[in-house]
Structures are given as structure tokens and as C-alpha cells.
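Heads up, the thing below is written out as C-alpha cells.
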């Protein structure tokens, strides 16, 4: 009998973190539900495949000679499995004991929910923002007016609750719902593909819920490029694609302009002395150079190479093609 649950991880030269993630989903406190564990190696160069074979012989390892995007890689893993529930998990994310069982039980009890998302924390246990409203024009203007303090992020505590979309670092998907909408849109190389998928699920009557009792620790950006300019280019390329699909024409332009204004205002704040007292929460968390890159890419288009080009360059250098 095939397992009802699949745990699917794409590896990006993060051997140590991947082994930690695999230890969490195979060791004490792992899912009591029988599951298959799939790892797709996205052409890692740090001995990831050998380490997985040596330490986790029960894991199904797919060795890929070329580099591809988030959606393409996870679609390949979706095709590999027939499980009813499919856990999309970053290689830099570690599930805490009992988390998978909590998510599975929640989908069992709520057939209208297609995506169950855990609470995500940093390694030091600080809360990590991973649940958001869809970036439509109205919400983007609220975000501009409040300098990001309201409008986009959804703050949920206590009981499970519906959210618009949750980060793809850890998501339990209902296969039957994905079969209705189709899988990830591979036109997104990275960023916004999970937003698009959950928007399409919403349009077909399915919901995304945050289940706070399930907890995952996430090392932010360990699975993406360390080059902020390439990340930012890819972010805006993907966000523009999202708006073209779901808010075409003036609507998408208005949303993009609002967020450009927010980043510009935050860049201006970064030039001022530290804000006093309660106003300190408005202080930008990103360095000014990155804020300015966001403004330029929002207004001028995705200028320069992004993460997609990084993969294309690597594939060309190594003589491989997707």
C-alpha cells in the first residue's frame, strides 16, 4: 500500500541543514503516519547526495544534473509521488516533533482546506513572518500608508485560522486540490509561485489555513542566492508575473507603484537619525542599498540578472540542460 503522506525536499548545496531536516522527519518525533521521503538534489556541489545515501538509505534520492527553479523542482517531486498529502519542505527547514501529525490531522478534519501551514520560527525561536494577504492594489496601498505595518502580513496566534497565502518553506498540500488547479506555475523561477498556487486554489473554493500548533524552524535564505541584487531582481520579476496573471493592466501597475513608494519611503527613513520610542518600529529592517534596489526594480522592471540567470549560467558552464 502506498503511503498517504510524502515529505518532499529540494536540496541546494545545504548538506548540513538538509541532514538536520532529514533527521527531524525520520527520527523520534517524526510523523506517525507512514510516509515516503523524497529528496531532489538541485545539482549540489557539497557532497549532499553521498551524505544522504550514507545516512538516510530509506530516502528516495533524485539526483538532478542541472539547476531548475522552485516550482519546476517541486512539480517533479509531486509527479514522483501519489500520496494524498504532500509536504513541501525547504532543505533549511526543520520540523519540530509532532508538527507533521498536527498538519495531517488538520487536513483530515477540514476537507475544504487545501494547504495547511505551520508556525515558522527562526533558529533562536523568534517568530518568522510567513503568512500574508494577497498583494492586491488595496492592500499594497495600506502597506504604503503604514510603511509595511499593516496591509500584507497576517498575524495569527492561538487557534488555526484562514490566511490568504503562506510561505513555501513548509506547506502541507492536499493532492486532490492540486489536481483541480494544476501544480506550481513553472513560469515563476523563484518567489510568488506559492502565492499564485494558493490564489488559484482560492479561486476554486479551497482555503489555506495556518495551524499554529505545528512548528518549523527555518534558516532564512540558506536555500537562495547570497547575492541580494539577484534575489531582488527575481522577486520583482515573479511579482510582476503574479500581477499580470491576477491583476492585469492598471490594477497591477497600481499595486507595484504602491510598493515602490513604500520602499522609497523606508529608504528615506534609513537616512535619518534613529527614530525615538514607539516610532522605532517603523525603522527599515533592510539596508538602504537593498531598499533602493527594490525601488528601481519596481519602477524600471527587473533590471539585470536574477536567480534564473544564475542557474542558466551554471548549467551552461557545466554543459547541462534542463
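In the working numbering, the protein residues as written are 87 to 408.
We put the CB at the ideal spot given by N, CA and C, even for glycine.
Assigned with DSSP and collapsed to three states, residue 180 falls in strand. Cβ neighbours of residue 400 within its own chain (closer than 6 Å, five residues either side excluded): 153. With 16 or more other Cβ atoms inside 10 Å of its own Cβ, residue 160 counts as buried. Rounded to whole angstroms, the Cβ separation of residue 304 and residue 192 is 20 Å, and the two are not in contact under 8 Å. In this structure, DSSP gives residue 351 a helical state, which the three-state scheme calls helix. Three or more beta-carbon pairs drawn from the stretch 322 to 333 and the stretch 264 to 277 are found closer than 8 Å, and the two stretches are therefore classed as touching.
When the alpha-carbon of residue 332 is set against those of 135, 221 and 146, the nearest one is in 221.
About 7 Å separates the CB atoms of residue 173 and residue 91; that is less than 8 Å, so the two are in contact.
Residue range 293 to 304 is occupied by the beta strand (DSSP E) that includes residue 293. Its chain contains 180 as the residues whose beta carbon lies nearer than 6 Å to that of residue 106, once the 5 sequence neighbours on both sides are disregarded; these appear in chain order.
In this chain, the alpha helix (DSSP H) harbouring residue 188 covers 185 to 195. The DSSP assignment places 223 to 231 and 261 to 267 as complete runs of the alpha helix (DSSP H) inside the stretch 216 to 281, in order along the chain (cut-off: 4 residues).
Secondary structure at residue 378: helix, using DSSP grouped into helix, strand and coil. The three-state reading of DSSP puts residue 343 in helix, counting H, G and I together. Within its own chain, the residues whose Cβ lies closer than 7 Å to the Cβ of residue 407, once the five positions on either side in sequence are excluded, are 152 and 401, listed in chain order. Secondary-structure assignment with DSSP links residue 160 through no beta bridge to anything. Burial check for residue 127: the Cβ neighbour count within 10 Å reaches 16 or more, so the residue is buried.
Rounded to the nearest angstrom, the gap between the Cα atoms of residue 197 and residue 190 is 11 Å. Secondary structure of residue 145 (DSSP, three-state): coil. Residue 185 counts as buried, since no fewer than 16 other beta carbons sit within 10 angstroms of its beta carbon. A straight line joining the alpha-carbon of residue 182 with that of residue 118 spans about 13 Å.
The stretch 248 to 261 makes contact with the stretch 199 to 213: 3 or more CB pairs, one atom from each, lie closer than 8 Å. Residue 395 and residue 177 have their alpha carbons spaced roughly 22 Å apart. Here DSSP, grouped into helix, strand and coil, assigns residue 214 to coil.
Residues of the same chain with a CB within less than 6 Å of the CB of residue 267, apart from the 5 flanking positions on each side, are 286, 287 and 290 in chain order. Within the same chain, Cβ atoms closer than 6 Å to the Cβ of residue 170 are found at 90 and 261, the five residues on either side in sequence being excluded.
DSSP places residue 314 in the uninterrupted alpha helix (DSSP H) bounded by 314 to 332. Residue pairing of residue 204 in beta bridges, as defined by DSSP: 297. Taking a cut-off of 8 Å on C-beta distances, the stretch 223 to 232 touches the stretch 328 to 348, as three or more cross pairs fall below it. The beta strand (DSSP E) runs lying completely inside the stretch 87 to 150 and spanning 3 residues or more are 91 to 97, 121 to 128 and 146 to 150, given in chain order.
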